[in-house]
Amino acid sequence: MFSFLKKKKNIEIKSPVNGLVKKIEDVKDQVFSEKIMGDGVAIQIEDGDVYAPVSGTITSVILPSSHAFGITTKEGLEVLVHVGLDTVNLKNGEFTLLKQQGDYVNMGEPVIKINYDLLSKLNIDLITPVVITNSKNFNLQKKIGFNVQYGNESIIECSLR
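Heads up: the sequence shown begins at 9 in our numbering, then just goes up one per residue.
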């Protein structure tokens with residue numbers, strides 16, 4: 009009753025990394041640029057590690073490379089953070105997963121440690137898509153074209169459709 013009086017809650021997705029926010033369509037991987045995984049943004053990492061962009065439960069991790077993880081919020085928003093292009097086959101400690109599937113994380117908690125010394129030798133593009141994998145259920149307001157520090161700036165605001 010009176011559900012029409014309830015205001016839709018916006019969910020803020022904070023930047024999981026330091027860098028420049030770009031359009032997801034600019035990522036040089038069709039899985040992301042064509043939004044096959046869902047809609048979102050991409051961030052060109054400048055430095056630092058990878059942090060939880062929202063509070064929620066880690067519902068997926070990509071092993072053995074440890075280059076990507078998914079978080080589901082209490083509202084049902086599913087966020088995928090995928091570090092770099094062609095990183096799925098890396099297995100030599102380039103990324104260290106600090107949390108495990110099933111762990112609850114608060115926004116801003118560290119999730120992946122990046123070994124820049126190893127990655128610099130491999131010439132890996134560290135563009136980092138941040139994708140809402142169930143984006144069809146949400147309205148997205150994306151913030152593109154500015155530099156962000158992890159945890160400080162909102163890069164996407166979501167509300168239920």
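Quick reminder that beta carbons are idealized off the backbone N, C-alpha and C, glycines included.
Query, Result
"Does the structure place the region 103-112 close enough to the region 68-80 that three or more beta carbon pairs sit under 8 Å?", "yes"
"For Glu33, tell me which candidate among Val25, Gly46, Ile21, Ser23 has the shortest Cα-Cα distance.", "Gly46"
"What are the boundary residues of the beta strand (DSSP E) that Val119 is part of?", "118-122"
"Please list the terminal residues of the continuous alpha helix (DSSP H) segment that includes Ser41.", "38-41"
"Does DSSP put Leu127 in a helix, a strand or coil?", "helix"
"Which one or two residues does DSSP pair with Phe154 in a beta bridge?", "Paired residues: none, contrary to the question."
"May I ask you to report which of helix, strand or coil DSSP gives Gly159?", "coil"
"Pick out whichever of Tyr124, Val91, Ser23, Gly153 has its Cα sitting closest to the Cα of Lys31.", "Gly153"
"Just to confirm, are Asp125 and Gly92 a CB contact at a threshold of 8 Å?", "no"
"Given a threshold of 16 other Cβ atoms within 10 Å of its Cβ, counted over all protein chains shown, does Asn26 qualify as buried or as exposed?", "buried"
"Out of Arg169, Val139, Asn145, Asn100, point me to the one whose CA is closest to Cys62's CA.", "Before going further, note that residue 62 is Val rather than Cys in the sequence given. The residue with the shortest Cα to Cα distance from Val62 is Val139."
"Can you tell me whether DSSP reads Pro51 as helix, strand or coil?", "Per the sequence shown, the amino acid found at residue 51 is Ile instead of Pro. Strand."
"Would Gly64 be called buried (16 or more neighbouring beta carbons within 10 Å of its own) or exposed?", "buried"
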